[in-house]
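Visitor:
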Amino acid sequence: MPLVTMGPMLKRAQKERYGIAAFNMIDYNSVRSIVDGATALNAPIIVQVSTKTIRHWGFKPIASWVRQLAEDTAVPVALHLDHCSDLNIIKGCIDAGWTSVMFDGSSLPFAENVKKSKEAYDIATAAGVGLEAEIGAIGGVEDDKFVAEDKSILADFDECVAFCKEMPKLAVFAPAIGTAHGFYAGEPKIAYELLERITSVIDIPIALHGGTGLTEEQFHRCIGSGCAKVNISTMHKHRFVEGFLEVRKQKPKEAEPLPFIKGQYDAMLGDVRDMIRIFGSEGRAPHAAGQA
951 MPLVTMGPML
961 KRAQKERYGI
971 AAFNMIDYNS
981 VRSIVDGATA
991 LNAPIIVQVS
1001 TKTIRHWGFK
1011 PIASWVRQLA
1021 EDTAVPVALH
1031 LDHCSDLNII
1041 KGCIDAGWTS
1051 VMFDGSSLPF
1061 AENVKKSKEA
1071 YDIATAAGVG
1081 LEAEIGAIGG
1091 VEDDKFVAED
1101 KSILADFDEC
1111 VAFCKEMPKL
1121 AVFAPAIGTA
1131 HGFYAGEPKI
1141 AYELLERITS
1151 VIDIPIALHG
1161 GTGLTEEQFH
1171 RCIGSGCAKV
1181 NISTMHKHRF
1191 VEGFLEVRKQ
1201 KPKEAEPLPF
1211 IKGQYDAMLG
1221 DVRDMIRIFG
1231 SEGRAPHAAG
1241 QA
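Note that the sequence shown covers residues 951 to 1242 in the working numbering.
Written out as structure tokens, the structure is:
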């Protein structure tokens, strides 16, 4: 089917308390594993792209890869721009066919974050594209952005309420609740009470960033509290590398590239299937693209 915007699918996931996996793609092989994994389990899926990946491959090739794979499957596929603070890149993605984008102004003072996020919101809304926006400082490494663990800041509840009042039709809202990008050095300290307080008054699906390394129990509790979009990036990247290295380990004299590409694909595909099952979105494709 054609690419879909993620807003309606996330509203349904929020209402029915399951999570939709949002995987950060790397290349065509990676996108193929993401879409094929969702197709095999009849699940809605979000393909995310970092600004670094866009700079490497370009807007048009990425949009073409994802669009072609989406058109060849019956499950809803959204193409999403991950953390981005550059409005020109956001506009470039929209022009190239992205169906949702994220403006990340979390490093800015609150008033400036509202102002810049509202600019992105107006641009995206006018184009019929969903917007994700963020409050608080999510720790770890994401693209070119690094936030030390001791510098991470939980979202302020009152600011979350004021922020979302300015943009009531956000496709998804990303408040910092204690998760972190990358691998966790210790036990994640998730602010469940803050999450539950936010979702009790804000009727916008929540994005759970920093999904790599969380336990099934942690995923289920966050999803049960309103996290409809669950981001997986670091794990997928490691499967990409590990799949290649495993083929090299098993076949040290192999000189044909295709077995390595298949090894990467198989490793990533298994990861995609596992996460879809954990998040509860298996079999949810038939109605996911409709209005909740």
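Where is the CB? At the ideal position from N, CA and C, for every residue including glycine.
(1) Measure the beta-carbon distance from Asn979 to Ser1183 and round it to whole angstroms, keeping in mind my assumption that it falls under 8 Å.
(2) Can you grab the Cα-Cα spacing for the pair Val999 / Asp1054, in whole Å?
(3) Shortest alpha-carbon distance to Val1051 belongs to which of Gly1174, Ile984, Leu1037?
(4) Considering only their Cβ atoms, is the gap separating Phe1194 from Gly1176 smaller than 8 Å?
(5) Tell me, please, whether the stretch 1006-1016 touches the stretch 1213-1231 by the rule of three or more beta-carbon pairs shorter than 8 Å.
(6) For Pro1125, count the other beta carbons within 10 Å of its own beta carbon; 16 or more makes it buried, fewer makes it exposed. Which is it?
(7) For Val997, which of helix, strand or coil comes out of DSSP?
(8) Going by other Cβ atoms of all chains shown within 10 Å of its Cβ, with 16 needed for buried, is Thr1149 buried or exposed?
(9) Determine the extent of the beta strand (DSSP E) in which Glu1192 is found, giving its start and end residues.
(10) Can you list, in chain order, the residues of its chain with a C-beta nearer than 7 Å to that of Arg967? Leave out the 5 residues immediately preceding and following it.
(11) Taking the alpha-carbon of Thr1003 as reference, which of Ile1228, Ser983, Lys1187, Lys1068 has the nearest alpha-carbon?
(12) State the DSSP-derived secondary structure class of Cys1043, mapped to helix, strand or coil.
(13) Per DSSP, Ile1156 is paired with what?
(14) By how many angstroms is the C-alpha of Leu1208 removed from the C-alpha of Glu1069?
(15) Since I believe Met951 is in contact with Ile996 (beta carbons under 8 Å), could you give me their beta-carbon distance rounded to a whole number of angstroms?
(16) Which residue marks the beginning of the beta strand (DSSP E) containing Leu1029, and which one marks its end?
(17) Looking at Leu1019: is its Cβ nearer than 8 Å to the Cβ of Arg982?
Guide: Let me lay it out:
(1) Looking up residue 979 in the sequence shown gives position 29. Looking up residue 1183 in the sequence shown gives position 233. In this structure Asn979 is not in contact with Ser1183, their Cβ atoms being roughly 16 Å apart against a cut-off of 8 Å.
(2) To locate residue 999, count along the sequence shown from 1; it is residue 49. To locate residue 1054, count along the sequence shown from 1; it is residue 104. Going from the Cα of Val999 to the Cα of Asp1054 covers about 14 Å.
(3) In the sequence shown, residue 1051 corresponds to position 101, counting from 1. Closest by C-alpha distance to Val1051, out of Gly1174, Ile984, Leu1037, is Leu1037.
(4) Your numbering for residue 1176 matches position 226 in the sequence shown. Your numbering for residue 1194 matches position 244 in the sequence shown. No. Outside cutoff.
(5) Short answer: they don't touch.
(6) On the sequence shown, position 175 is the one that residue 1125 refers to. Pro1125 should be labelled buried.
(7) Here residue 997 is taken as the residue at index 47 of the sequence shown, counted from 1. Of the three classes helix, strand and coil, the one that applies to Val997 here is strand, per DSSP.
(8) The residue labelled residue 1149 in the question sits at position 199 within the sequence shown. It is buried - the Cβ of Thr1149 has at least 16 other Cβ atoms within 10 Å.
(9) The residue labelled residue 1192 in the question sits at position 242 within the sequence shown. Annotation for Glu1192: no beta strand (DSSP E) segment contains it, though the alpha helix (DSSP H) segment containing it runs 1184-1200.
(10) Reading the sequence shown from its first residue, position 17 is the one you call residue 967. Within its own chain, the residues whose Cβ lies closer than 7 Å to the Cβ of Arg967, once the five positions on either side in sequence are excluded, are Ile1173, Gly1174, listed in chain order.
(11) Position 53 of the sequence shown, counted from the first residue, corresponds to residue 1003. Comparing Cα positions, the closest option is Lys1187.
(12) Residue mapping note: residue 1043 aligns to position 93 of the sequence shown, counting from 1. It is helical.
(13) For this step, residue 1156 is matched to residue 206 along the sequence shown. According to DSSP, which records beta bridges pairwise, Ile1156 is partnered with Phe1123, Cys1177.
(14) Taking the sequence shown and counting its residues from 1, one reaches residue 1069 at position 119. Taking the sequence shown and counting its residues from 1, one reaches residue 1208 at position 258. Here the alpha carbons of Leu1208 and Glu1069 stand approximately 45 Å from one another.
(15) One-based indexing of the sequence shown puts residue 996 at position 46. One-based indexing of the sequence shown puts residue 951 at position 1. Between Ile996 and Met951 the beta-carbon gap is near 14 Å, outside 8 Å, which marks them as no contact.
(16) Looking up residue 1029 in the sequence shown gives position 79. Here the beta strand (DSSP E) through Leu1029 covers 1027-1031.
(17) As a first step, residue 1019 is located in the sequence shown; it is residue number 69 there, counting from the start. As a first step, residue 982 is located in the sequence shown; it is residue number 32 there, counting from the start. It is a contact, given that the beta carbons lie within the stated cut-off.
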